[in-house]
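Step one of this worksheet: look at the structure below.
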Amino acid sequence: MTAWEKSRARAAPWFLLPALALLAVFVVWPMVRAAAWSFTSADLLAPERAHWLGAANYSELLTDARFRRAFGNTALFALMVVPVQTVVAFFLALWVNRPEPAWRWLRAVFFIPVIVSTPVLAVLWTLLYQPAQGEQMGLINAMVQAIGVPPQAWLRDPHLALPAIAFMSVWQGVGLQMMVFLAGLQAVPGELLEAARIDGAGAWGRVRHVIIPSVRNTIVFVVTVTTVLAFRIFVQPYLMTRGGPGRSTLSLIQSIYETTFLGQDLGRACAASFLFLIWVAFLTLLQRWIAGEERG
Amino acid sequence: MKAPSSNVQAPGFARNRALGRAAVKWLVSVAVALVFLAPLLWMVRASFTEEPRIFLPGFGGWFDGWTVGNYADAWRRAGLGRGLANSALQVAIIAGAGLIVNAMAAYAFARFVFRGRDVLFAGVVILIVLPIEVLAVPLFFTARDLGLTGGFGAAMAGLSVPFVAKAFNIYFLRQHFLSLPMELEEAAAIDGAGVWRQFWTLALPAVKPALATVVLLDVLTHWGDFLWPLMISTRAETRTVQLSLANLFTQPPLQWGDILACAVLATLPVMLLFRFFQRHIVATEARAGIK
């Protein structure tokens, strides 16, 4: 090690300390505490006075009707959002992947909902979904009526509420995934596209045989990230339907939040948080594994 | 991309076909753009509309019943000045302090050689995937134990301090420091500049676009925070703008015009900021995401 390197090594702790101390206090420590609480009877008001329960919180969660419903809703939401959003984002990216400035504007338009905060969009879409009352109705009902479909009570119908929120979420998030696909499309080799064209491949053939294989890792990334984001759904159902009607839009996060602050069952809430965390970690590893396989 | 033109057709025909194609592209693009813009345009128009007319269907009479009264009402009823100022303070602390703290750590991981570096960095990378929603409950207790709830100063700290250090930002900035040529700092060292000055006056300015990206991402993320403020800011004077909006939205009497005016005002600051930063960002952000 040269003297110069040594002086830099001495400075390292001072450069690292602020960030690592904050991460330790506000990320690692809460996680460790949650892990410990998840095996106890800790309650909201006095978490210190808890006794050891072993894995009881976990096993009870797996049979708890409310938690299972919340998990089912969230999984169903992900099943609706992830495929649609990925496919739409992919084709939007193909559509706007042109150099002229006008297309840059269009890209910005698709990105605008990503910038608007989620509570604002939740409120706005509640109004857009307003059911018909006499002559008055929300924009969505006015539009479906224009194409001959009768107005619906979108957010008050147990069968429509979750799909309605899923539709809004795709609209909100697709611009971000489109940007990721746009970056991925830069990696498609132009010569391959040209060769395919000379071989007589049509637009669809080029997409299938050249573009999709080239952006395979981007697709894997988008699918896993969208899945994680879908499982984090909370604000939209919380503000738009309060988890109802019935429990039809109750999300995992809302159920954890209510277990803590209404049920005051901190141990159970922490166990649920941990199951969630394991699921996210699993998805991330899965993405690494699938994406890594191609390289290796 | 230029389509290979066939020699058989007359040039005029080919030009007409190209024009036709361009027209179809335009029409489809405008239609798709409207799907994304219509809800927001409706929000802006309705926020300037008298209450009884907001939900009238049909697109005639767009200019009937215009008013700015909703804005005055919303400002007064929701205490919007307070909410906007609190949100601005929250994101300013997160983005400002975060910029320095995360850049320092990123620089150390990129440039310094010390024992345990790779293990520490791997630990930071693992933290990237943790969703805040999952940590919110235990984090609430940590914040409470540290006295970061309650009065104005405490709640403002509670809203911001836990999110200053961010694993993703450290990872992202490290990538950018790694791509700088080492000669920059070596030359400065020969001229007698210490480590801190090399970082502050050379390395940091050299990664400005990356800094702009993390600042914008922090602002966008935390401007929209809802769950955490809901837990931390329990008093009216510590409310963020999103909580003001939610309050108008959930507490009767429901005035849709006021709610929409509030929504527009909550959106305006981030829109302006994005317009300002946009040029630096989107491409880098998307590319970094894939790795």
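In the order they appear, the protein sequences are chains F and Y.
Numbers given in the numbering used here equal positions in the first sequence, counted from 1, plus 53.
Numbers given in the numbering used here equal positions in the second sequence, counted from 1, plus 1101.
C-beta: ideal position from N, C-alpha, C; glycine also.
Taking the C-alpha atoms as reference points, what is the distance between residue i and residue j?
| i | j | result |
| --- | --- | --- |
| P1370(Y) | A249(F) | 47 Å |
| R1245(Y) | G1184(Y) | 22 Å |
| N1348(Y) | A1147(Y) | 19 Å |
| T1385(Y) | S94(F) | Low confidence applies to T1385(Y): its pLDDT is 47, below 50, so where it sits in the model is not reliable, and the reading given next is rough at best. So the alpha carbons of these two residues sit roughly 46 Å apart. |
| V1131(Y) | R160(F) | 12 Å |
| P1306(Y) | A1313(Y) | 11 Å |
| A217(F) | L208(F) | 7 Å |
| V1202(Y) | I1195(Y) | 10 Å |
| L215(F) | G1217(Y) | 48 Å |
| A1134(Y) | G226(F) | 15 Å |
| R341(F) | Q186(F) | 51 Å |
| T337(F) | V1230(Y) | 8 Å |
| T302(F) | G296(F) | 4 Å |
| Q198(F) | F1242(Y) | 50 Å |
| L181(F) | I193(F) | 6 Å |
| F1073(Y) | T1341(Y) | With chain Y represented from 1102 up to 1392, any question about residue 1073(Y) goes unanswered, as that position is not in the structure. |
| G201(F) | H212(F) | 20 Å |
| W1143(Y) | I309(F) | 35 Å |
| P1140(Y) | W1167(Y) | 18 Å |
| I265(F) | T277(F) | 17 Å |
| T279(F) | T312(F) | 26 Å |
| E1286(Y) | R1298(Y) | 9 Å |
| I343(F) | V281(F) | 16 Å |
| V140(F) | V273(F) | 12 Å |
| L229(F) | R1336(Y) | 34 Å |
Look at the Cβ atom of residue i, then the Cβ atom of residue j, and state whether they are nearer than 8 Å.
| i | j | result |
| --- | --- | --- |
| V1226(Y) | A1268(Y) | yes |
| I168(F) | L1321(Y) | yes |
| E188(F) | L1157(Y) | yes |
| W57(F) | A1290(Y) | yes |
| A1207(Y) | F1278(Y) | yes |
| V1145(Y) | D1319(Y) | no |
| G1358(Y) | N1171(Y) | yes |
| F120(F) | E1234(Y) | no |
| V80(F) | L1228(Y) | yes |
| F335(F) | L305(F) | no |
| G237(F) | V260(F) | no |
| L177(F) | A1364(Y) | yes |
| V263(F) | V233(F) | no |
| A65(F) | A1209(Y) | yes |
| W1339(Y) | A1258(Y) | At residue 1339(Y) the sequence reads Thr, which differs from the Trp that was named. Against a cut-off of 8 Å, the Cβ pair of A1258(Y) and T1339(Y) comes out as no contact. |
| L75(F) | A1266(Y) | yes |
| A72(F) | V1214(Y) | no |
| G320(F) | N110(F) | yes |
Using a C-beta to C-beta distance shorter than 7 Å, which residues of chain F count as neighbours of residue i?
| i | result |
| --- | --- |
| S1130(Y) | L159 |
| M1257(Y) | Residues of chain F passing the Cβ test: none, with the nearest at roughly 15 Å. |
| V1296(Y) | S60, R61 and A64 |
Listing by chain order, which chain Y residues have their CB less than 8 Å from the CB of residue i?
| i | result |
| --- | --- |
| V333(F) | V1230, L1231, P1232 and V1235 |
| W342(F) | None at all; the shortest Cβ gap to chain Y is about 14 Å. |
Can you name the residues that DSSP bridges to residue i?
| i | result |
| --- | --- |
| W178(F) | W178(F) pairs with nothing; no bridge assigned. |
| T1150(Y) | W1167(Y) |
| T93(F) | W105(F) |
| Q230(F) | Answer by DSSP bridge pairing: none, since Q230(F) is not bridged. |
| Q186(F) | Q189(F) |
Residue i: beta carbon under 7 Å from a heavy atom of the ligand SAM?
| i | result |
| --- | --- |
| L1303(Y) | With respect to the ligand SAM, the structure shown offers nothing to examine, as it has no ligands at all. |
Strictly below 8 Å CB to CB, what residues from chain F border residue i?
| i | result |
| --- | --- |
| W1167(Y) | Near W1167(Y) there are no residues of chain F at all, since even the closest Cβ is about 18 Å away, more than 8 Å. |
| W1357(Y) | L180 |
| R1212(Y) | R61 |
List the residues of chain Y whose Cβ lies closer than 9 Å to the Cβ of residue i, in chain order.
| i | result |
| --- | --- |
| F163(F) | V1133, A1134 and F1137 |
What does residue i touch in chain Y if you count any residue whose Cβ is under 7 Å from its own?
| i | result |
| --- | --- |
| W57(F) | A1290 |
| I309(F) | V1238 |
| S326(F) | V1235 and V1238 |
| Q183(F) | F1156 |
| L69(F) | A1206 and A1209 |
List, in chain order, every chain F residue whose beta-carbon is nearer than 9 Å to that of residue i.
| i | result |
| --- | --- |
| L1305(Y) | None at all; the shortest Cβ gap to chain F is about 12 Å. |
| T1243(Y) | V78, F79, W82, P83 and R86 |
Where the stretch 1317-1351 of chain Y meets chain F: residues whose CB sits under 9 Å from a CB there:
L1321, W1324, G1325, D1326, F1327, L1328, L1331, M1332, V1342, Q1343, L1344, L1346, A1347, L1349, F1350 and T1351
Residues from the stretch 1263-1284 of chain Y in contact with chain F, defined by Cβ distance under 8 Å
Within the stretch 1263-1284 of chain Y, the qualifying residues are P1263, F1264, V1265, A1266, A1268 and I1271.
For the stretch 287-305 of chain F, which residues have a CB atom closer than 7 Å to at least one CB atom of chain Y, in sequence order?
Along the stretch 287-305 of chain F, the positions whose C-beta sits under 7 Å from a C-beta of chain Y are F287, V288 and L292, read in chain order.
For the stretch 89-103 of chain F, enumerate the residues whose C-beta is nearer than 8 Å to any C-beta of chain B, in chain order.
As a matter of chain content, chain B is missing from the structure shown, whose protein chains are F and Y.
Note down, in chain order, all residues in the stretch 1166-1187 of chain Y with a beta-carbon under 9 Å from any beta-carbon belonging to chain F.
none
Give the residues from the stretch 1188-1206 of chain Y that approach chain F closer than 7 Å (Cβ to any Cβ), ordered along the chain.
V1202, N1203, M1205 and A1206
Between the stretch 187-202 of chain F and chain Y, which residues of the former have CB atoms less than 8 Å from a CB of the latter, in chain order?
E188, Q189, M190, G191, L192, N194, A195 and Q198
Listed from N- to C-terminal order along the chain, which residues in the stretch 126-151 of chain F have their beta-carbon within a distance smaller than 7 Å of any beta-carbon of chain Y?
Under the 7 Å Cβ criterion, the stretch 126-151 of chain F contributes no residue.
If contact means a Cβ-Cβ distance below 7 Å, which residues of the stretch 1366-1377 of chain Y contact chain F?
A1367, T1368, V1371, M1372 and F1375
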